[in-house]
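Structure first, then comments.
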Amino acid sequence: MTSAAVPAITSAGATSSAPAAKLQMHREGAVLVLTISNPAARNTVNPSIYRAAAKAIRATSGFRTVRAIVLTGEGEHFCVGGDLRRLVRQRKLPQTEQMAHSDALNEWVMAMQEAPQPVIAAVEGTAAGSGFSLCLACDLIVAAEDAEFVMSNVNFGLSIDGGGTDSLARSLPPQAVIEILLGGSVQHARRLHDWGVVNRIVPRGTAYATALAWAQKLAQGPFDVQARIKELVHSARGRSRREQLDAERGVLVESLYSDESGKRIKEFLAARKKG
Numbered sequence: 490m491t492s493a494a495v496p497a498i499t500s501a502g503a504t505s506s507a508p509a510a511k512l513q514m515h516r517e518g519a520v521l522v523l524t525i526s527n528p529a530a531r532n533t534v535n536p537s538i539y540r541a542a543a544k545a546i547r548a549t550s551g552f553r554t555v556r557a558i559v560l561t562g563e564g565e566h567f568c569v570g571g572d573l574r575r576l577v578r579q580r581k582l583p584q585t586e587q588m589a590h591s592d593a594l595n596e597w598v599m600a601m602q603e604a605p606q607p608v609i610a611a612v613e614g615t616a617a618g619s620g621f622s623l624c625l626a627c628d629l630i631v632a633a634e635d636a637e638f639v640m641s642n643v644n645f646g647l648s649i650d651g652g653g654t655d656s657l658a659r660s661l662p663p664q665a666v667i668e669i670l671l672g673g674s675v676q677h678a679r680r681l682h683d684w685g686v687v688n689r690i691v692p693r694g695t696a697y698a699t700a701l702a703w704a705q706k707l708a709q710g711p712f713d714v715q716a717r718i719k720e721l722v723h724s725a726r727g728r729s730r731r732e733q734l735d736a737e738r739g740v741l742v743e744s745l746y747s748d749e750s751g752k753r754i755k756e757f758l759a760a761r762k763k764g
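The number in the working numbering is simply the position in the sequence shown, starting from 1, with 489 added.
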């Protein structure tokens, strides 16, 4: 698969002359590499990227030439989540439209879970909000030693999306999950590694190379057996991810259209503009 880009809107933090967010795709042998490309805005994402990523992953399910997938971000950061400026505009539009956007993000998450190939996140810099959720939705996580993870949604009066509550609740005790989700504070890679959420800690700047090497090694394994093992792991859990995604979507949309969220997002963007 050759390198490709998808249409996207200008993301938060980028000027009108900055490149629009896009998803880059290329192959490294049997490994499909998906790169969130919006470095001027720390790789914020939008519904166009959600749909492109889900489509790309779904398209590989029937092709044994793709044996592993790596998800990463261009430049110094993995992904800081959604575009707050888009969310400000979204508040003036019907809630049904935001439900559709959330569904598109959820399809990306489900595509990664249902893919027969192992999906590895390569994390440098920051993974925030839905960017953190996307990491957690991957089967494996390689993180730079100074990488930072934060469920920043609560800081803007928003609930969690992208399966973050589901992934963390399956990995950690309730006390740890509540701390991460309600506090909206930074979690360092080392702490998440100690908890077993992050698989490997590597020197800064080497997360992608390590993830790619790991993916290439896994790509040499038995395709059908690996796919069945992955399916068994996910099906062994209680509440389905789809049910949790649907529940998250409802609360996220409700919180987005609240006065509290509108106020917090406006204050944050105003402070960023002054800075």
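Just so you know, even glycine gets a beta-carbon here, dropped at the ideal spot from N, CA and C.
- prompt: Is it a yes or a no for the segment 667–679 touching the segment 711–729, going by three-plus beta-carbon pairs under 8 Å?
  reply: no
Sheet register partners of Glu-637 (DSSP bridge): Thr-615, His-677
query: So does the segment 708–718 actually touch the segment 550–565, counting three or more Cβ pairs closer than 8 Å?
result: yes
query: How many angstroms separate the CA atom of Ala-616 from the CA atom of Asn-532?
result: 9 Å
- prompt: Going by other Cβ atoms of all chains shown within 10 Å of its Cβ, with 16 needed for buried, is His-515 buried or exposed?
  reply: exposed
task: Taking only the alpha-carbon atoms, compute the straight-line gap between Ser-492 and Ser-648 and give it to the nearest angstrom.
output: Note that Ser-492 scores a pLDDT of 33, beneath 50, so its modelled location is shaky and nothing firm can be said.
task: Throw me the rounded Cβ distance for the Ala-510 and Asn-527 pair, which I believe falls under 8 Å.
output: 4 Å
- prompt: Is DSSP giving Gln-584 helix, strand or coil here?
  reply: helix
- request: Return the first residue and the last residue of the beta strand (DSSP E) that Glu-565 is part of.
  value: Careful: Glu-565 lies outside any beta strand (DSSP E) and carries neither H nor E.
query: For Cys-627, which of Val-686, Val-742, Arg-761 has the nearest alpha-carbon?
result: Val-686
query: Leaving out five residues before and five after Leu-576 in sequence, what residues of the same chain have Cβ atoms less than 7 Å from its Cβ?
result: Leu-745, Ile-754
query: Should Ile-718 be labelled buried (16 or more other beta-carbon atoms within 10 Å of its own) or exposed?
result: exposed
Exposed unless 16 or more other CB atoms sit within 10 angstroms - verdict on Pro-607: buried
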